[in-house]
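Line by line, the protein sequences give chains G and D.
Anchor point for the first sequence: position 400 equals 406 in my numbering, and the numbering is continuous, going up by one each time.
Anchor point for the second sequence: position 384 equals 385 in my numbering, and the numbering is continuous, going up by one each time.
Backbone N, C-alpha and C define an ideal beta-carbon position, used for all residues, glycine too.
Note that the coordinates shown come from a computational prediction; the quantities given were computed from them, not determined experimentally.
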Amino acid sequence: MFPGPVRELAALIQVTRFRAPLSYHHLLFALGLGHGASACTATIGGGSPDFEAGSGSGNGQPADAVADPTPATPSAWTPGNATGDPNAAGYMPLRQLNRTEYQNALSDLFGDARNVAQLLPGDVAGTSGFATAGLASDVTVQALQQAAEQLAKAANLPALFACDPAGAAEAACLQTVLDGFASRAYRRPLSAAERTEFYELYTTKLRGELALSADAAARVLIEAILQSPGFLYHWELGPISPDRDATGVIKLSAYEVASRLSFLLWSSIPDLELLQAASTGQLGNPEGVQIQARRLLASPKARETMRNFHLQWLEVALAGTNKSAEKYPNYDASLAVAMEDEITAFTDDLFRGGGKVKDLFQSQKLFVTPALARLYGVEGMPFEGSVQRMGDATRPGLLTRAGFLSATSNAYEGDPTKRGVVVRKRVLCGSLTPPPANIPPLPPPEPSLTVRERHAMHMALEPCKTCHELTDPIGFGFSNFDAIGAYHAQEAGRPVDASGKLTDLDGKSTDFADLNGLMTALSDSQDARACLTRQWLRFGFAREESRADDHSLEGAYQAFAASGYELSELLVAFATTRSFLYRAPAVDEVTQ
Amino acid sequence: MSRSRFSRRALLSSLGVGAAFLPLLSSRPGFSQPLSAAKRFIAIAVPNGVKEEVYWPTGTVNDFTIPLDSEVPTAHRYSPLQPLRNLKSDIIFMGGLELRNGRDSNGGGLGGHAALPFLLTGARGVAGPEISDGIRLSAAVPSIDRFIGKELAKRHSLKFDSLVLNPVKRFRGNDGYLSFDGPPVGDSPDAPQPRVDPYQVFDDLFGGENLGQGEFELLRKKRKSVLDLVGRQLQGWSANLGKDDRERVSAHLESVRALERQLDNLATGCVKPALALERDADYLTDNGNAFIDQLIKAQIDLTVAALACDLTRVASMLWMDQGNGRLVFHWLGDEFTKPGTDFANQGENRGLRNHHEIAHKDGQAEYQPLMNRGCQWFIEQYAYLITRLKETKDVDGTTLLDNSAALFTNLQRTGGGHHTDNLPWILAGSCGGYFSTGRFLAWPSGKPGDSVPQNGVLAAICNAMDVPVDHYGDADYGGELSLLRG
């Protein structure tokens, strides 16, 4: 009944399906194994071999082998150990501005902080571990239209453009808009073709055919600019094909570098000074890039990135969360906001004040509102602005901020497993295999048992133990903190036991007796330092690191180490790596 | 990292679609069919399973019984299917389906909470962004609603490919999609964003008619001129980009075209539904919110209207995600708004009992009736949809229900376990006489592997909707379940 080719294709699918009835992942679980990086990687690659094999019909691998396959190969980097081609650079997959970037870009362009990004669907959780824009669905495109129309309607045109399109010099103003506003939105000068397109839209279509007034036409022009790919995508090259250099990689243009810098450090578009640096050739060499990187980091606008990176890094998303009204009657939305603000202020202060990794894990500065001060038990103590220094050592570092502790708790109590998971996965860059299905719930809260005791079954049973051994003992270090991060010295009528152990990626464990011991171990952990390096790459590039990034990671890491692990130096060094200033051509990309 | 084997567009050729029906690869102009032959498809998905002892009907294929609340054991208190008692002749109960594709994608470890990419796709998963708990899989092919919807929209120049609805905005991450347009592109699931706000949906379906004719026409032309420019630019960009990047731009371009199509289509002469609920920003932002029941009802009303007005032929509704930790049954009484315990975690539900928690504890005496009442409430919504379809006359005097297939699915078998076998799905409507309704089909299974892969149902629906296939998803799970035809 159906044509031959369909049956043949069906048969082809059938054959390739039965290659591996059991996935590698399933096998590992059956054997009671399951931790370690190799298992995690194997699940993706080995677990679905059917999808790797080429069927010859439009699969992901190019017909002729790319000269340097490293952009597609997973990274093998550890500090002091970078393999592969030192001239390589990673891919730069095309992506839209994510919601935060979109909102910030518009705020900067319009000088208007109205929240239009809330019209958009949410970002997706990227494999990088950071939010990235999803595909543009019809709902997205419609939301972009609505946002553009709202902003265009409310704009004060003479102020926005520095000329009045409804004034006498309409034609000249149009050119100013294309040179100024549009160019700033695009983060680069428009190409001749783009200028013509917009000119035609304004003159022939809007003013001519539709007989709109100059004011109305200018507003539609704004709408068009804000919905166009030049604004929406991180691709400040436009629709031209780039040049490959002798080593096969593509050198990013000055404008692309400017955008990479500003989105990395400000989560927004470049300012005029940065665009000027690009246009006058100052970003063509690492020294010039460093100068701008330092300038951007020193600006208060860097706070946006500090917020954006750190809240995502530690998986702190408190909006809309609730805690037990009985146990925590004072928890409300404004307290959640204060918690997130504190993490922003803490890290901003750290990066712009020469803070080091040690300070990240051990600084005792607090940045509190009155409500947060009450939670921390420091109300009434002397303040320096909003900075409060504590006398005792109960809150060392970023991981004892209420925001992190609250995000890693349920509505009633802290969750040592969740805390351990975030530390392992995000702070150490370790992997964990997914939990199996059908896990029975833990015993319910009971006054005579501590959280640690109720989690005992994680460590008593297989296959639970293998993974939980890596997570729960870390989480126990936070045992003093409840579901909103308040400190308690006692639990179930006894002094809190906050001992545990930190296991590194090689499986080596360090025992600690209390929270300070955990933070010291993290401060000294090479895994944590290497992980920070990786996480900034993931955040900056919205992708995971690949083999082609290894030398760049190593270079940034060594500069980081040489500075005594000063956090801002990591970012400055990162901005001058091969992977930052160059990229590998995409599969099938047309290059010169 | 493995890449998807097929591009979004080449994909369709692998689905067993007859060569005559490769809509996105051919440039056949759409042709109009008389409305009397219009078939509609609605898919609904709910997580967390059921209490099998009282959910399933009893009896034989053609003579089956749905008990009253008073007829079930007191420990259960409710008969979940009771709202369908008077609609028995319109339904086919299919007991014993399995998401075999899901099970085979993760070696048995796949829980029901990662089931959505498998439910309506019938294909094993491909590597993709994380959906749940470290599971990095996504749909390999479009879901049937999108597959059917796009084809019919193109054939008949409809305003919308399909309506994708959810009473809440997607929470976070990638685990809230029922409908898919194809394999992921890079890091992004290729899934249409659900529509949530009924007022926005109303405007999207029927809007513009409140403006004066001239004003509306001008707005339309302005928007079209912008979208025209944007579309041309996207096409220009596409030429030099790498393969994955081109896919991304192509998805964007398709969306721009879809929005242009909406501009071209006006819902004239159509009965618009009245929206009973008051517009409130809270229902877009508040987790655990108390509006869910009203939102679902409004979305059902909008769906029926959109189908009746031929703005689209397909709709999908996810109530609300893979686990429903955010769903508190505020409207079902005090027992449902007591403080929750284990799954009142992450504070998504104001710390109250939620569907996820109730499902996990449905073996306990206190929670068992709550589970049944919750399931019953979902069935009430399904019954409301069926009734509305039955009340709505189609052009040739038949009812919308006569020409529809309304599929009610569950992601999991039971609440406590995460198994995706022995699933109880329900199909309502004969879809223009294609299906033989009023029957109770069952393949009760003792263990995974005994159950019938859901692919048979998916293929049958495609065929009923006049988008013929010989199988849907992976071919080794079989073709159409001919039993559905009688």
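Is there at least one Cβ from chain B nearer than 7 Å to Arg327 (chain D)'s Cβ?
You won't find chain B in this structure, because its protein chains are G and D.
Strictly by DSSP, which residues pair up with Glu599 (chain G)?
Nothing can be reported for residue 599 (chain G), as the shown portion of chain G is limited to 7 through 598.
Starting from the C-beta of Gly361 (chain G), find all residues in its chain whose C-beta is less than 6 Å away, skip the five residues before and the five after it, and write them out in chain order.
Mapped onto the first sequence, residue 361 (chain G) falls at position 355. Cβ neighbours of Gly361 (chain G) beyond the five flanking positions: Leu573.
Contact check, Ile275 (chain G) vs Ala408 (chain G) under 8 Å by CB: the rounded distance?
What you label residue 275 (chain G) is simply residue 269 of the first sequence in a count that begins at 1. What you label residue 408 (chain G) is simply residue 402 of the first sequence in a count that begins at 1. Going by Cβ atoms, the distance from Ile275 (chain G) to Ala408 (chain G) rounds to 33 Å, so no, they are not a contact pair.
Please confirm whether Gly479 (chain D) has its beta-carbon closer than 7 Å to some beta-carbon of chain G.
As a working mapping, residue 479 (chain D) is identified with position 478 in the second sequence. Not an interface residue.
Quick one: Cα of Pro24 (chain D) to Cα of Ile149 (chain D), how far?
One-based indexing of the second sequence puts residue 24 (chain D) at position 23. One-based indexing of the second sequence puts residue 149 (chain D) at position 148. The predicted model places Pro24 (chain D) with a pLDDT of 31, which falls under 50 and marks its position as unreliable, so this point remains unresolved.
So Thr410 (chain D) packs on Leu120 (chain D), CB below 8 Å; how close in whole Å?
Counting from 1 along the second sequence, the entry for residue 410 (chain D) is found at position 409. Counting from 1 along the second sequence, the entry for residue 120 (chain D) is found at position 119. With a Cβ gap of about 6 Å, Thr410 (chain D) and Leu120 (chain D) count as contacting.
With DSSP as the reference, identify every bridge partner of Asp277 (chain G), one or two as the case may be.
Mapped onto the first sequence, residue 277 (chain G) falls at position 271. Answer by DSSP bridge pairing: none, since Asp277 (chain G) is not bridged.
What residues in the region 292-313 of chain D bring their beta carbon closer than 8 Å to a beta carbon of chain G?
Going along the region 292-313 of chain D in chain order, one finds no residue with a Cβ nearer than 8 Å to chain G.
Let's test the definition: count the other Cβ atoms within 10 Å of the Cβ of Val396 (chain D) and tell me whether it reaches 16, buried, or not, exposed.
As a working note, residue 396 (chain D) is residue 395 in the second sequence. So Val396 (chain D) ends up on the exposed side.
What residue range is occupied by the uninterrupted beta strand (DSSP E) comprising Glu131 (chain D)?
Start at 1 with the first residue of the second sequence, and residue 131 (chain D) comes out as number 130. Residues Val127 to Ser133.
To the nearest angstrom, how far is the alpha carbon of Arg358 (chain G) from that of Asp251 (chain G)?
Walking along the first sequence from the start, residue 358 (chain G) turns up at place 352. Walking along the first sequence from the start, residue 251 (chain G) turns up at place 245. Looking at the two C-alpha atoms, the distance is approximately 36 Å.
Which same chain residues end up closer than 6 Å to Ser515 (chain G) when comparing Cβ atoms and leaving out the 5 residues on each side of it in sequence?
Indexing the first sequence from 1 puts residue 515 (chain G) at position 509. The residues are Lys507 and Thr509.
Three-state secondary structure (DSSP) at Tyr239 (chain G)?
The sequence position of residue 239 (chain G) within the first sequence is 233, counting from 1. Strand.
Quick one: does the C-beta of Ala259 (chain D) sit closer than 6 Å to a heavy atom of the ligand NAP?
Absence of the ligand NAP from the depicted structure is noted, as is the absence of any ligand whatsoever, leaving it without description.
Looking only at its chain, what residues have a beta carbon closer than 7 Å to the beta carbon of Lys329 (chain G), apart from the 5 residues adjacent to it on each side?
Working through the first sequence from its first residue, we reach residue 329 (chain G) at position 323. So the list reads Tyr337, Ala417, Ala489 and Ile490, once near-sequence residues are dropped.
If you draw a straight line from the C-alpha of Glu310 (chain G) to the C-alpha of Leu271 (chain G), how long is it?
One-based indexing of the first sequence puts residue 310 (chain G) at position 304. One-based indexing of the first sequence puts residue 271 (chain G) at position 265. For Glu310 (chain G) and Leu271 (chain G), the distance between alpha carbons rounds to 8 Å.
Mind listing the chain D neighbours of Lys362 (chain G)? Cutoff is C-beta to C-beta under 9 Å, in chain order.
For this step, residue 362 (chain G) is matched to residue 356 along the first sequence. In chain order: nothing, as chain D lies at least about 32 Å away.
Between D:Pro118, D:Glu152 and D:Lys151, which lies nearest to Leu138 (chain D) when the distance is taken from Cα to Cα?
Here residue 138 (chain D) refers to the residue found at position 137 when the second sequence is read from its first residue. It is D:Pro118 whose Cα lies nearest to the Cα of Leu138 (chain D).
By alpha-carbon positions, which one of G:Thr583, G:Gln598, G:Val596 and G:Thr597 ends up nearest to Gly96 (chain G)?
Counted from its first residue, the first sequence places residue 96 (chain G) at position 90. When only C-alpha atoms are compared, the closest one is G:Thr583.
I'd like to know whether the C-beta atoms of Gln300 (chain D) and Leu278 (chain D) end up nearer to each other than 7 Å.
The residue labelled residue 300 (chain D) in the question sits at position 299 within the second sequence. The residue labelled residue 278 (chain D) in the question sits at position 277 within the second sequence. Going by C-beta atoms, Gln300 (chain D) is not nearer than 7 Å to Leu278 (chain D).
Can you list, in chain order, the residues of its chain with a C-beta nearer than 8 Å to that of Thr47 (chain G)? Leave out the 5 residues immediately preceding and following it.
On the first sequence, position 41 is the one that residue 47 (chain G) refers to. Caution applies to Thr47 (chain G), whose pLDDT of 28 falls short of 50 and renders its modelled position unreliable; the value that the coordinates give is listed next. Closer than 8 Å at Cβ, skipping near neighbours: Pro80 and Ser437.
Less than 8 Å between the CB atoms is what I'm expecting for Asp556 (chain G) and Thr89 (chain G), so what's the real figure, rounded?
Taking the first residue of the first sequence as 1, we reach residue 556 (chain G) at position 550. Taking the first residue of the first sequence as 1, we reach residue 89 (chain G) at position 83. That pair is a contact at about 6 Å.
Assign Arg430 (chain G) to one of two classes, buried (16 or more other C-beta atoms within 10 Å of its C-beta) or exposed (fewer than that).
Here the question's residue 430 (chain G) lines up with position 424 in the first sequence. Classification for Arg430 (chain G): buried.
Given that a residue counts as buried once 16 or more other Cβ atoms are within 10 Å of its Cβ, and exposed if not, what is Gly398 (chain D)?
Within the second sequence, residue 398 (chain D) is the residue found at index 397, counting from 1. Its Cβ having fewer than 16 others within 10 Å, Gly398 (chain D) is exposed.
Could you tell me whether the Cβ of Lys257 (chain G) comes closer than 7 Å to any Cβ of chain D?
The residue labelled residue 257 (chain G) in the question sits at position 251 within the first sequence. Closer than 7 Å: no.
What would DSSP say about Asp229 (chain D), mapped onto helix, strand or coil?
Counted from its first residue, the second sequence places residue 229 (chain D) at position 228. In the structure shown, Asp229 (chain D) sits in a helix (DSSP, three-state: H, G or I).
Taking Cβ to Cβ, would you say Ile228 (chain G) is nearer than 7 Å to Pro591 (chain G)?
The residue given as residue 228 (chain G) occupies position 222 in the first sequence. The residue given as residue 591 (chain G) occupies position 585 in the first sequence. Their beta carbons are not under 7 Å apart, which means Ile228 (chain G) does not touch Pro591 (chain G) by this criterion.
In this structure, how does DSSP classify Pro118 (chain D) when only helix, strand and coil are distinguished?
The residue given as residue 118 (chain D) occupies position 117 in the second sequence. Residue state, collapsed to three classes: helix.
Which residues in chain D sit within 8 Å of Lys211 (chain G), going by Cβ to Cβ distance?
Translated into positions along the first sequence, residue 211 (chain G) becomes position 205. Those within 8 Å of Lys211 (chain G) in chain D are Ser226.
Would you report the Cα separation of Asp162 (chain D) and Tyr571 (chain G), rounded to the nearest angstrom?
For the purposes of this step, residue 162 (chain D) is taken as the residue at position 161 of the second sequence. For the purposes of this step, residue 571 (chain G) is taken as the residue at position 565 of the first sequence. C-alpha separation (whole angstroms): 54 Å.
Cα-Cα, which of D:Ser437, D:Phe441 and D:Gly60 is closest to Ile462 (chain D)?
Taking the second sequence and counting its residues from 1, the one referred to as residue 462 (chain D) is at position 461. Nearest C-alpha to Ile462 (chain D): D:Ser437.
Between which two residues does the beta strand (DSSP E) holding Phe580 (chain G) run?
Counting from one through the first sequence, the residue named residue 580 (chain G) turns up at place 574. It is not in any beta strand (DSSP E) - Phe580 (chain G) instead sits in the alpha helix (DSSP H) that spans Leu573 to Phe580.
Indicate whether at least one CB of chain D lies closer than 7 Å to the CB of Pro127 (chain G).
Position 121 of the first sequence, counting from 1, holds the residue named residue 127 (chain G). Closer than 7 Å to some Cβ of chain D, the Cβ of Pro127 (chain G) qualifies, so yes.
By alpha-carbon positions, which one of G:Gln233, G:Ala220, G:Phe136 and G:Thr210 ends up nearest to Ala191 (chain G)?
Taking the first sequence and counting its residues from 1, the one referred to as residue 191 (chain G) is at position 185. Nearest C-alpha to Ala191 (chain G): G:Gln233.
Between D:Gly433, D:Arg101, D:Leu82 and D:Glu54, which has its C-alpha nearest Ser452 (chain D)'s C-alpha?
Within the second sequence, residue 452 (chain D) is the residue found at index 451, counting from 1. Checked all of D:Gly433, D:Arg101, D:Leu82 and D:Glu54; the closest Cα to Ser452 (chain D) is D:Arg101.
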